[in-house]
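Note sheet for the following structure.
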Amino acid sequence: LVQRQHFCAQRPSLKPAMSGTSTYIGRFAPSPTGSLHFGSLLAALASYLDARAHHGQWLVRMEDLDPPREVKGAADQILQTLEQFGLEWDGAVWYQSRRHDRYQQVLQQLIDQHQAYRCYCSRQQISLRHSPVYDGYCRPSNQINRTLDPNQPAATRLQVDETTIVFDDAIQGQQQQRLDTEVGDFVIRRKDGLYAYQLAVVIDDADQGVNQIVRGYDLLSSTSRQIYLQQRLGITPPQYSHIPILVNSQGQKLSKQTYASAIDPNQPTASLFQALRLLGQNPPQHLRATSTREMLDWGVQHWQLHQVPRQTHLAESLLEL
Ligand code: GLU
1 LVQRQHFCAQ RPSLKPAMSG TSTYIGRFAP SPTGSLHFGS LLAALASYLD
51 ARAHHGQWLV RMEDLDPPRE VKGAADQILQ TLEQFGLEWD GAVWYQSRRH
101 DRYQQVLQQL IDQHQAYRCY CSRQQISLRH SPVYDGYCRP SNQINRTLDP
151 NQPAATRLQV DETTIVFDDA IQGQQQQRLD TEVGDFVIRR KDGLYAYQLA
201 VVIDDADQGV NQIVRGYDLL SSTSRQIYLQ QRLGITPPQY SHIPILVNSQ
251 GQKLSKQTYA SAIDPNQPTA SLFQALRLLG QNPPQHLRAT STREMLDWGV
301 QHWQLHQVPR QTHLAESLLE L
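Take 1 as the starting number for the sequence shown in this note's numbering and just add one per residue.
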């Protein structure tokens, strides 16, 4: 029997992300793996405009969870670029690298509640078992006759029930994902000791009171996992809006890895104008000659989320038109 869950299972252990009367709290959460490129500017701008158009707060959180993937100086550079673009955030920037104690606390809570378990399987062992998703080999119910060394390195997985997560994305429409068969028990802390993005993002969004998330389409497939985790922790899910991502001519996401053109922080108005265009906001030509402040003010006043193309991908070549 598949339970259809629509954000209902509440377990009051963490504070809900928002109450009915809360104001809008949005955020931009870059990973400091390189300088800001045009694709991430789109996410930054869309989340900023949506927050400001709702007289809301806009937070910036540095998702520096994975030191081997990080580039020295990138975090500062991203913040500097945001400033040069006039994208002023509220409050202090949070750094995930300073939040490990909090992640550990929630992880332990999930283990204590038998919602998460230690997994000793290697990648190779998992692939040899030819299961489309993790097969639950280390689930406590399967470990009865096994002697396990608690000091052996282990990942931590969240146990996923037979569940279909359904949610309405404000841009992409209704989404649904069957978690147990399409995703399986997923890792919330890696074997090498790093906390997984899925865990950190859910805890931080809740702790920061974030109730509106505008981000790139590439994260849509993570959203069901995040909603499931929110349900397990008694957190009210935020509203999600996934904007199309920019892809190059090979269809690859523009990212630091595909050598996406870094935006020129000395030409902020040109990039902002292009970004407003790609977000479907039809900026008038005369705006090209204005300041970043005027351009952002125009963007806030005229912001229409429903004009953002309901597309998953946008071609980078549109930037040249
Ligand atoms: N840090 C993630 C990234 O840069 C974004 C996380 C999010 O917006 O939820 O892709």
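Even for Gly, the Cβ is constructed at its ideal location relative to N, Cα and C.
Same chain, Cβ closer than 7 Å to Leu-42, five either side skipped, listed in chain order | Ile-243, Leu-246, Ala-275, Leu-278, Leu-279
Of the listed residues Asn-266, Ser-249, Gly-299, nearest to Phe-364 (C-alpha basis) | Outside the displayed span of the chain (1 to 321) sits residue 364, for which this structure offers no information.
Please write down, chain order preserved, every residue whose beta carbon lies under 6 Å from a heavy atom of the ligand PLP.
-> Among the ligands modelled here, namely the ligand GLU, the ligand PLP does not occur.
Measure the beta-carbon distance from Ser-333 to Ile-78 and round it to whole angstroms, keeping in mind my assumption that it falls under 8 Å.
-> Given a span of 1 to 321 for the chain in the structure shown, any question on residue 333 remains unanswerable.
Every unbroken alpha helix (DSSP H) within the region 45-91, with a cutoff of 4 residues, ordered by chain = 74-84
Proximal residues to His-302 (C-beta, below 7 Å), its chain only, five neighbours per side dropped = Gln-281
Looking at Gln-198 and Phe-186, is the spacing between their C-beta atoms short of 8 Å?
-> yes
From Thr-156 to Lys-191, what does the alpha carbon distance come to, in whole angstroms?
-> 7 Å
Through-space distance from His-306 to Leu-179, alpha-carbon basis = Taking the straight line from one Cα to the other gives about 29 Å.
Quick one: which unbroken alpha helix (DSSP H) runs of 4-plus residues sit fully inside the region 114-162? Chain order, please.
-> 123-128
Coil, strand or helix - Gln-395 by DSSP = This structure gives no information on residue 395, because the portion of the chain shown stretches from 1 to 321.
Roughly how many angstroms separate the alpha carbons of Glu-320 and Trp-58, rounded to a whole number?
-> Straight-line spacing of the CA atoms in Glu-320 and Trp-58 works out to 30 Å.
With distances taken from CA atoms, which of Arg-61, Leu-110, Val-71 is nearest Val-331?
-> A question about residue 331 goes unanswered here, because the residues of the chain that appear run from 1 up to 321.
In or out: Val-202 buried (at least 16 other Cβ within 10 Å) or exposed?
-> buried
Could you give the distance in angstroms between the alpha-carbon of Gln-104 and the alpha-carbon of Cys-121?
-> 21 Å
With DSSP run on the structure shown, which of helix, strand or coil describes Gln-267?
-> coil
CB-CB under 6 Å to Asp-135, same chain, minus the five flanking residues each way: which ones, in chain order?
-> Arg-129
Where does the unbroken alpha helix (DSSP H) through Val-106 begin, and where does it stop?
-> 100-112
Cα-Cα separation, Ser-131 to Gly-184 = 10 Å
Please look up how many angstroms separate the CB atoms of Ala-116 and Gln-159, rounded, as I've assumed it's under 8 Å.
-> Sure, about 7 Å apart at Cβ, within 8 Å.
For Ser-317: DSSP bridge partner residues | DSSP lists no partner for Ser-317.
Best match in Arg-102, Thr-292, Asn-266 for proximity to Asp-322 [C-alpha to C-alpha] | Given a span of 1 to 321 for the chain in the structure shown, any question on residue 322 remains unanswerable.
Arg-123 to Ala-154, Cα distance in whole Å?
-> 12 Å
Determine the extent of the beta strand (DSSP E) in which Arg-27 is found, giving its start and end residues.
-> 25-28
Identify the continuous beta strand (DSSP E) that holds Val-308 and give its terminal residues.
-> Counting along the chain, Val-308 falls outside any beta strand (DSSP E), and DSSP gives it neither H nor E.
Assigned exposure category for Val-210 - 16 Cβ within 10 Å defines buried = buried
Bridge partners - Gln-174, DSSP secondary structure assignment = Bridge pairing for Gln-174: Asp-168 [DSSP].
Beta-carbon separation of Pro-32 and Val-71 under 8 Å?
-> yes
Pick out whichever of Leu-318, Pro-309, Leu-296, His-313 has its Cα sitting closest to the Cα of Ala-53.
-> When each option's Cα is compared against that of Ala-53, the closest is Leu-296.
Cβ-based neighbour list, Val-106, same chain, cut-off 8 Å, excluding 5 preceding and 5 following | Leu-14, Leu-199, Ile-203, Leu-233
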